[in-house]
Amino acid sequence: MTKPRRFLFTVAGSGPLSADRGGAIERIVGGQVDWLAHRHEVTVFGELGPLDPRARVVPFGRRVYYKRRTACRDLAFHALGLTRMLRIDSDIVVSTHQRNFFLSYIYARIRRKPLLAWELDHEFWSPPWTEIKKIYHRFVPRADLVLSISSAQRDAMVARGVDPGRIAILYNPVDVRKYAPGPEPSGPPPILYVAKFARRKNQLALLRGFAAVLEEYPEARLRLVGPAAGLYSNAQKPPSKYCEECMNLMRRSGLSERVSVEEGITETELVEAYRGAAVFAFPSLEEGFGLTLAEAMACGSACVSNDVDPMREVLGDTGLLVDATEPSELGKAIVALLRDPELRRTLGRRARERVVRHFARDVLNERFERHALELLTG
Numbered sequence: 013m014t015k016p017r018r019f020l021f022t023v024a025g026s027g028p029l030s031a032d033r034g035g036a037i038e039r040i041v042g043g044q045v046d047w048l049a050h051r052h053e054v055t056v057f058g059e060l061g062p063l064d065p066r067a068r069v070v071p072f073g074r075r076v077y078y079k080r081r082t083a084c085r086d087l088a089f090h091a092l093g094l095t096r097m098l099r100i101d102s103d104i105v106v107s108t109h110q111r112n113f114f115l116s117y118i119y120a121r122i123r124r125k126p127l128l129a130w131e132l133d134h135e136f137w138s139p140p141w142t143e144i145k146k147i148y149h150r151f152v153p154r155a156d157l158v159l160s161i162s163s164a165q166r167d168a169m170v171a172r173g174v175d176p177g178r179i180a181i182l183y184n185p186v187d188v189r190k191y192a193p194g195p196e197p198s199g200p201p202p203i204l205y206v207a208k209f210a211r212r213k214n215q216l217a218l219l220r221g222f223a224a225v226l227e228e229y230p231e232a233r234l235r236l237v238g239p240a241a242g243l244y245s246n247a248q249k250p251p252s253k254y255c256e257e258c259m260n261l262m263r264r265s266g267l268s269e270r271v272s273v274e275e276g277i278t279e280t281e282l283v284e285a286y287r288g289a290a291v292f293a294f295p296s297l298e299e300g301f302g303l304t305l306a307e308a309m310a311c312g313s314a315c316v317s318n319d320v321d322p323m324r325e326v327l328g329d330t331g332l333l334v335d336a337t338e339p340s341e342l343g344k345a346i347v348a349l350l351r352d353p354e355l356r357r358t359l360g361r362r363a364r365e366r367v368v369r370h371f372a373r374d375v376l377n378e379r380f381e382r383h384a385l386e387l388l389t390g
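Residue numbers (my numbering): 13 to 390.
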């Protein structure tokens with residue numbers, strides 16, 4: 013039996029996070045906390061829920077979003093957070109996002125505890141190289157261990173100065189009991205993409221490819237789904253210019269009646285969306301891992317993905333890899349799957365098997381625990 017240890021997960025730096033109605037990071041951190049809470053003493057600093065009742069949550073309010081943020085306001089936020097964090101006893105501190113890394117780093121240095129930097133958000137490892145990214149890249153190599161979510165992300169870290177000896181790859185985990193195939197949908201199933209609206213997510217190419225799909229399958233439907241926070245619009249953000257480009261394309265091309273744009277769905281609804289899709293399209297230009305691709309695979313979806321790492325690393329030979337910068341290639345691949353139900357079932361079955369073998373949550377949660385305990389035992 014492993015000796016129980018005290019884990020401190022830092023999720024502060026944003027508003028209340030929901031593992032049930034949030035994005036990929038919330039689901040991953042929530043799942044890891046729940047798993048560890050059965051074996052160790054776990055404290056979460058910030059606001060994340062719902063969690064296993066064994067986990068202790070120390071609330072810390074959201075950062076105020078000013079129209080013009082200043083260094084003084086950021087300093088005040090970190091000073092207040094650090095004051096509250098230092099009241100918490102722990103054996104190891106885990107940073108879960110770049111926005112809470114510095115709180116975790118200062119806590120770890122003052123308390124002389126090991127720091128594990130879990131790089132769940134890939135945007136800090138892709139251009140443009142802003143000043144805040146450059147500052148972060150100078151500090152993150154000082155973490156005792158940096159967890160990378162793919163080989164591609166690890167290579168990006170090494171290129172930015174992180175010692176490869178301090179990096180361990182830990183793929184994003186999928187709960188294969190929850191994300192599992194269901195009954196075949198009744199009626200014509202839609203094409204699905206789960207992502208926020210951002211240029212690297214490449215919805216424009218998918219929409220143009222979908223227009224070609226409609227020429228052969230005029231009754232086809234496309235669902236664009238994602239979390240509410242930071243997606244299309246919310247209380248803090250108006251729709252992005254890229255989002256407006258996509259909406260304008262839909263209106264000009266007459267796609268609006270065949271495309272649904274949905275945000276803020278629960279995790280249960282997300283699973284049902286994967287199960288009900290004829291094809292899961294993943295045209296993203298760049299990812300750290302591609303969790304939604306793995307989730308769709310776990311649900312037995314037939315997948316079409318951009319032919320770049322790390323999507324190749326995730327999908328392997330269990331789906332169709334295409335040049336997603338070419339809308340026509342996306343459209344042809346989707347049509348090929350719509351024409352062949354048996355191929356869809358075969359690829360979906362193989363995709364599910366691959367996720368169970370390589371990305372199952374229990375296996376990767378155990379690996380996370382092992383990496384953390386190795387830091388504590390030297």
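Ideal placement from N, C-alpha and C gives every residue a C-beta, glycine not left out.
Check: Burial state of S317 (16 or more Cβ within 10 Å); Outcome: buried
Check: Beta-carbon contacts of H383 that lie in its chain and below 8 Å, excluding the five residues immediately before and after; Outcome: L128, L157, L159, A180 and L182
Check: Contacts around L388, its chain only, beta-carbon distance under 7 Å, and the 5 residues preceding and following it disregarded; Outcome: R17, D103, I104 and P126
Check: Under the three-state DSSP convention, the category N184 falls into; Outcome: coil
Check: Local conformation of E227 per DSSP, three classes; Outcome: helix
Check: L87 versus I147 - alpha carbon distance; Outcome: 15 Å
Check: Whole-angstrom C-beta distance between C255 and L216, which should lie under 8 Å; Outcome: Not quite, the Cβ-Cβ distance comes to about 11 Å (not below 8 Å), so this is no contact.
Check: Simplified DSSP assignment, three categories, for I161; Outcome: coil
Check: Nearest candidate by alpha-carbon position, reference I203, set V186, P230, P195 and R212; Outcome: P230
Check: Given 8 Å, three or more beta-carbon pairs between the region 262-273 and the region 282-297; Outcome: no
Check: Classification of W130 by the beta-carbon crowding that lies within 10 angstroms, buried from 16 upward; Outcome: buried
Check: Runs of alpha helix (DSSP H) wholly within the region 298-373 (minimum 4 residues, chain order); Outcome: 303-310, 323-327, 339-351 and 353-370
Check: Cβ-based neighbour list, D66, same chain, cut-off 8 Å, excluding 5 preceding and 5 following; Outcome: Here residue 66 turns out to be Arg, not Asp, going by the sequence shown. Same-chain partners within the cutoff: A49, H50 and V54.
Check: Cβ-Cβ distance between L132 and A24 below 9 Å; Outcome: no
Check: With 16 other Cβ atoms within 10 Å as the buried cut-off, status of G390; Outcome: exposed
Check: Cβ separation of T22 and F57, assumed to be a contact under 8 Å, to the nearest whole Å; Outcome: 5 Å
Check: Through-space distance from G93 to P339, alpha-carbon basis; Outcome: 46 Å
Check: Endpoints, the beta strand (DSSP E) within which T55 is located; Outcome: E53 to F57
Check: Counted within 10 angstroms of its Cβ, other Cβ atoms place G5 as buried (16 or more) or exposed; Outcome: The structure shown does not extend to residue 5, since the chain is modelled only from 13 through 390, so no value can be given for it.
Check: Supposed contact pair P322 and S163 - C-beta distance, whole angstroms, cut 8 Å; Outcome: 7 Å
Check: Contact check, V283 vs K208, beta carbons under 9 Å; Outcome: no
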